[in-house]
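Below is one structure, written out as structure tokens; comments come after it.
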Amino acid sequence: MRLLALVGFLLAPWAAVAAPSDRPTPRERPAVEVTVERDGDQWSARYRFAREVPAWAFVRSALIQEQGTPWRPLSWVIDTPGLAWERRDGRDVIAAADGSVPREVRIRFRPAPLTLQADYPPALAFTDGSVALFTDHFLMAPAGQSADAALPRAKLTFRDRRGQVLHQGARYDSASFDGEAGTYILFGPAAPLVSEHLTTVVDPALPAWFRDELLAFLPQTLRRYSDLLGVPNIPGKPMVMMSWGGAGTGGVSQSGSVLPGLIVMALQGSGMSAPNPAVFDRARWFIAHEAAHFWLGQMVRYETARDAWITEGGADLLAIRAVAAADPMYDSRKELQREVDDCVRLTKGRGISSAGQRGEHRAYYACGAVFSLVAEAASGRSFEAWIRGLIAANRSDGVLSRAEWLAAIGNPQIAASIEALLDEGAKEPGTALAQLLTQAKVPHEREGGRLILK
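The sequence shown: position 320 = 335 (the working numbering), numbered continuously.
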């Protein structure tokens, strides 16, 4: 991703008489160009396509979490005549009633702060009128193109006719990206809070007790991670956006995710009206886990989805330790025991590597955290120091493979035991995990058949 820049081409004096084959070749025009613009209360997306095709599909077309229905037709209106919404092969499609989609298409839309199935909310809405849009929901490709095919070259530009937009903690007249950006662009007056380790955009109506507690915890946690794991390799400072949907609904709703250099949270519910330690503990752990992905996930990533336990389990252990460092009353042993219990439950007769295919993603988190404890004990170093070494050793290609992770333990017998659980699970996982903890000298005991950490 990059912000829009003006690039000048300087031609040498001889260029004017050089043979045509020696002249610089103009850069090919993007297959898709879209300008997303806010003008007061009006929002629009203007598309320019390099060629005409019968239909264009949105690359990201997740359904609304609760209803299981497409979200775009509910809040996007196609202004260009002769076009209509369709749903094909799991994607939202703009199709021509007759012939091809013209090369210029205009869409009016309302920002949609919705929770989607396994994708980022299209928008985050703030009570001061500010709105953050997720960039990649505007990407398109010809309908029928395989999901595995390379995306056509695209250029996305975001601008606000009445002011600047916020990107990576700074204001710009516009923000442009070549292809996928994977971030949120903020429109409106929201003012970021800038500290040494963090830039934060907080909804002004977020309950004060929660805001103040979290703003104290955030920089402390990022400072801890930076001290233990090294300076994160992300553009600008880490950034957090927290929106507030009000107390009109009962209970507490909290959702969020991590993006390159950015954590987003959407909160609402009457359960946050008064101080609630349980709610804060949940939010604090979530922030600590997602922040850990600035290192485990962004500085180094796993090789294939089967290896998600490397980053998710490591982030779980880092988060448990970060919350415990901030709050002496936090029961970290209880959380670690939950990881052990869940790992036992999710590995009976089935391998961890295939958990995603079964919809048992929790196995990556729980068993990955247990394996992180094992690596710590077996290596004789804190997990933070151990994983810092792996991050540094793999920064060149940005990939931390299963083989590299296991080799770093330095004990082939322990590595083999972990691989068996990864590939096959165990007939008696409590016994298999107990043997693994014994090999690594992690204190534990069996109580009524249950594996208990000491």
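All C-beta atoms, glycine included, are put in the ideal place defined by N, C-alpha and C.
Across which residues does DSSP place residue i in a beta bridge pair?
{"i": "K363", "result": "A441"}
{"i": "E51", "result": "Note on residue identity: the sequence assigns Val, not Glu, to residue 51. Bridge partners of V51: A60, F173."}
{"i": "V255", "result": "T215, I278"}
{"i": "I467", "result": "E460"}
{"i": "M155", "result": "F73"}
{"i": "E119", "result": "R63"}
{"i": "R106", "result": "R103"}
{"i": "P85", "result": "L78"}
Just the Cα atoms here: how many angstroms apart are residue i and residue j?
{"i": "F149", "j": "D356", "result": "37 Å"}
{"i": "G97", "j": "R106", "result": "20 Å"}
{"i": "G383", "j": "T326", "result": "8 Å"}
{"i": "T40", "j": "D104", "result": "A caution first: T40 carries a pLDDT of 44, below 50, which makes its placement in the model unreliable, though a value can still be read off. T40 and D104: Cα-Cα distance of roughly 37 Å."}
{"i": "F124", "j": "K456", "result": "58 Å"}
{"i": "Q352", "j": "I335", "result": "11 Å"}
{"i": "L466", "j": "K170", "result": "54 Å"}
{"i": "W91", "j": "A138", "result": "13 Å"}
{"i": "E439", "j": "P167", "result": "40 Å"}
{"i": "V338", "j": "L229", "result": "12 Å"}
{"i": "S285", "j": "Y240", "result": "33 Å"}
{"i": "V74", "j": "V108", "result": "9 Å"}
{"i": "G261", "j": "G197", "result": "27 Å"}
Quick one, which of the options has its alpha-carbon nearest residue i's?
{"i": "I122", "options": "L89, A147, L332", "result": "L89"}
{"i": "P368", "options": "Q269, V359, Y379, C358", "result": "It should be noted that the sequence gives Ser, not Pro, for residue 368. S368 has its Cα closest to that of Y379, out of Q269, V359, Y379, C358."}
{"i": "T453", "options": "K442, I433, G463", "result": "I433"}
{"i": "A65", "options": "T214, E119, P207, V246", "result": "E119"}
{"i": "T214", "options": "E195, R238, A220", "result": "R238"}
{"i": "E375", "options": "S347, A231, A320, A330", "result": "A320"}
{"i": "R297", "options": "G371, D346, P69", "result": "D346"}
{"i": "N409", "options": "A70, P207, Q179, Y317", "result": "Y317"}
{"i": "A5", "options": "L78, D188, I109", "result": "As shown, the chain starts at 16 and ends at 469. That puts residue 5 outside it, with no answer to give."}
{"i": "E81", "options": "T130, A72, R61", "result": "T130"}
{"i": "A381", "options": "V359, V180, F141, G271", "result": "V359"}
Applying the 10 Å Cβ sphere with the 16-neighbour rule, what's the burial state of residue i?
{"i": "Q183", "result": "buried"}
{"i": "M256", "result": "buried"}
{"i": "A31", "result": "Model confidence at A31 stands at a pLDDT of 28, short of 50, so the residue's coordinates are unreliable and nothing is read from them."}
{"i": "P136", "result": "buried"}
{"i": "G251", "result": "exposed"}
{"i": "A175", "result": "It is Asp, not Ala, that sits at residue 175 in the sequence shown. D175 is buried by the Cβ-count criterion."}
{"i": "M344", "result": "exposed"}
{"i": "S36", "result": "Unreliable placement is indicated for S36, whose pLDDT of 38 sits below 50; the coordinate value is still reported in the next sentence. Exposed, since its Cβ has fewer than 16 Cβ neighbours within 10 Å."}
{"i": "R417", "result": "buried"}
{"i": "S145", "result": "buried"}
{"i": "E399", "result": "buried"}
{"i": "S411", "result": "exposed"}
{"i": "P253", "result": "buried"}
For a cutoff of 8 Å on Cβ pairs, would you count residue i as touching chain B?
{"i": "G286", "result": "Of the chains in the structure shown, none is chain B; there is only one protein chain."}
Are the stretch 54-67 and the stretch 78-87 touching by the rule of at least three beta carbon pairs closer than 8 Å? No, the stretch 54-67 does not touch the stretch 78-87.
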